[in-house]
Amino acid sequence: MEKKHQISEVKTDVRLLLECLKCQVDNPSAMKQAFRTLANIFNNIGTDEIKDYFRDLGGLDFITTFNKTVTNVEVKEAAIFCLGCAVENNIYSQKELTTIAQFINLHKTLSDEKSTTRLKHASSYLLLTLVSNNSLGQSLAKKSLCLSDLLGLLRTDFDRTSLPSVGRQDCWFDDAGTTGLELWSSVAAALCMCVNNPQNEENQRVCGFVLPYVFTIIQQHDSDVIRPLLSFIRFTVANNDKNQDQVKRCGGLNVLSDKLNQCIGKPIDRLSIQVINTIDACITDNVENAEEIGRLETVKSMVKLLDTDKISQDEKLQIVVTLVHAVEMSDQNKIHILEESGLFALMKSLNDIESGDEELFKAIKYLLQLCTKKTEEEPQNETAEMLDILKKTETMHK
C-alpha cells in the first residue's frame with residue numbers, strides 16, 4: 568500500500584512538472600530546472616510505470632516538439648538529457664521515438680561544430696538509449712548519418728587537444744562543463760550499441776574502418792580513457808571475421824598483447840580484464856588470430872595472471888574462458904600453457920573455487936580436458952600429468 572502511495576505521489580509530481588514546462592516556455596531558468604527534476608525522477612525512481620505515465624501524458628511528444636524550436640542551449644541540453652532518461656530501458660517509449668525525424672534532429676546537433684560539449688554529450692546519450700537492443704534504431708542511426716557523426720567525434724575530438732595524463736581529471740575539450748572523458752565515454756557507448764546487441768554487420772563494417780586509428784590511441788595511452796575504446800573494439804569485432812582479420816592486419820593484437828604484459832606483476836584491475844575481454848572477442852572462432860596470440864606469448868601472460876593475488880572468481884573465469892577459446896582454435900596454445908606451468912595455476916584456481924561456483928569449475932575442467940588431448944608436438948610425460956590432475960579434479964567435486 569505504501570509503495571502504491573509513493574508511486575501515486577511521483578505521478579503527481581511528473582504531471583505538475585510537465586504542466587510547468589508547458590506554462591513556462593518563456594522562462595529558461597524554470598524550464599531547465601523542471602527538465603533536470605524530471606530526469607532525476609526517471610533515473611532514481613524511474614520504474615516503467617512512471618515512464619509509461621509520462622509518455623501517456625504526452626511528455627515525449629512535448630519535448631520532441633520543443634527541441635525543434637528552442638534556442639537556449641542550456642535548456643536544450645537539459646531537454647535532450649531528460650528525453651534520454653525517459654526512454655532508457657523502456658521499450659514502448661523507445662519505440663515511439665524511433666523515427667527518422669528524431670534521428671535527423673540528433674544528426675543536426677552532433678554534426679554542428681557550434682554545438683557545445685554538453686549538448687553533444689546529451690545527444691549521444693539519447694542516441695544510445697534509442698539504439699540499444701533496437702535493430703530499427705541501429706539502421707536509422709546509419710541512414711541519418713548519426714553513426715558517421717559519432718565516428719567523426721571519435722576521431723576529431725580526440726586529436727583536437729591534448730589528452731589528460733594518468734591521474735588527472737582535466738578537460739581536453741575546449742568548452743568546459745562536461746569532462747572530455749564523459750563525452751568520450753558516451754560516444755563510445757553509443758557506437759557499441761550501434762554495432763551490437765543485436766549484432767548489426769553493416770554498422771560493424773563501417774566502424775571497422777576506424778580500428779587502426781583506435782589501436783593507435785590505445786598504444787599511446789594508459790589512462791582510463793582507453794577503456795571505452797576497448798569496449799568499442801570488442802563490440803565491433805564480435806562474431807565478425809572480417810573485422811577480426813582487420814585487427815590482426817593493423818597490429819591490434821600486438822597492441823593488446825603489450826597492454827596485457829604491462830599488467831603482469833600488478834594487482835588485477837578493470838583495465839586488465841577488459842583487455843582480456845577484447846582479446847577474447849578478437850580470437851573467438853578465428854584460427855589465425857588465436858595462433859597469433861600464441862606467437863605473441865599472450866597465452867603465457869594470461870596464465871601468469873591466474874596466479875595474481877586477490878584475483879576474483881569472475882576475473883579468473885574470464886581468463887579461463889579466453890584460454891579455452893585460444894586452445895579450441897589452436898593446439899599450439901596448449902603447449903604454451905604447459906610451458907608456463909599452467910597446470911599448477913589451474914589446480915590452484917580449482918582449490919580456491921568458492922562453494923557453488925560451478926561455472927568456473929566447469930570452465931577449468933573443460934580447459935583441462937582440451938589440454939589432455941594429445942598432439943604430436945606434446946611431451947608424453949606432460950600429457951600423463953594432465954590426465955592425472957583431471958582425474959583428481961573429478962574426485963574433488965563428486
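For what it's worth, our numbering labels the leading residue of the sequence shown as 568, then goes sequentially.
For every residue, glycine included, the Cβ atom is placed at its ideal position computed from N, Cα and C.
{"Check": "With 16 other Cβ atoms within 10 Å as the buried cut-off, status of serine 596", "Outcome": "exposed"}
{"Check": "Nearest-angstrom Cα separation, counted from isoleucine 878 out to methionine 914", "Outcome": "15 Å"}
{"Check": "Cβ-Cβ distance between isoleucine 831 and alanine 893 below 7 Å", "Outcome": "no"}
{"Check": "Minimum C-alpha distance to aspartate 619 - residue among Val577, Met598 and Lys929", "Outcome": "Val577"}
{"Check": "Range of the contiguous alpha helix (DSSP H) that encloses cysteine 938", "Outcome": "925-939"}
{"Check": "Alpha carbon of serine 660 to alpha carbon of serine 678, nearest angstrom", "Outcome": "25 Å"}
{"Check": "C-alpha gap between arginine 727 and aspartate 847, whole angstroms", "Outcome": "Summary for arginine 727: the model assigns pLDDT 45, below 50, so the residue's position carries little reliability, and this model does not support an answer."}
{"Check": "As assigned by DSSP and simplified to three states, the class of proline 731", "Outcome": "Bear in mind that the predicted position of proline 731 carries a pLDDT of just 45, short of 50, making it unreliable; the figure below should be weighed with that in mind. Three-state DSSP puts proline 731 in coil, outside helix and strand."}
{"Check": "Alpha helix (DSSP H) segments (min. 4 residues) lying fully within the segment 786-829", "Outcome": "793-804, 808-816 and 819-828"}
{"Check": "Of the residues Asp874, Asp716 and Phe602, the one placed nearest leucine 694, counting alpha carbons only", "Outcome": "Asp716"}
{"Check": "Straight-line Cα distance separating glutamate 859 from glycine 734", "Outcome": "Only weak support exists for where glycine 734 lies, its pLDDT of 39 falling under 50; the coordinates are left without a value."}
{"Check": "Alpha carbon of glutamine 885 to alpha carbon of isoleucine 793, nearest angstrom", "Outcome": "19 Å"}
{"Check": "Buried or exposed (CB count within 10 angstroms, at least 16 for buried), glutamine 787", "Outcome": "exposed"}
{"Check": "Validate contact between the segment 778-787 and the segment 831-840 using beta carbons, cut 8 Å, 3 pairs", "Outcome": "no"}
{"Check": "Cβ-Cβ distance between serine 897 and glycine 861 below 7 Å", "Outcome": "yes"}
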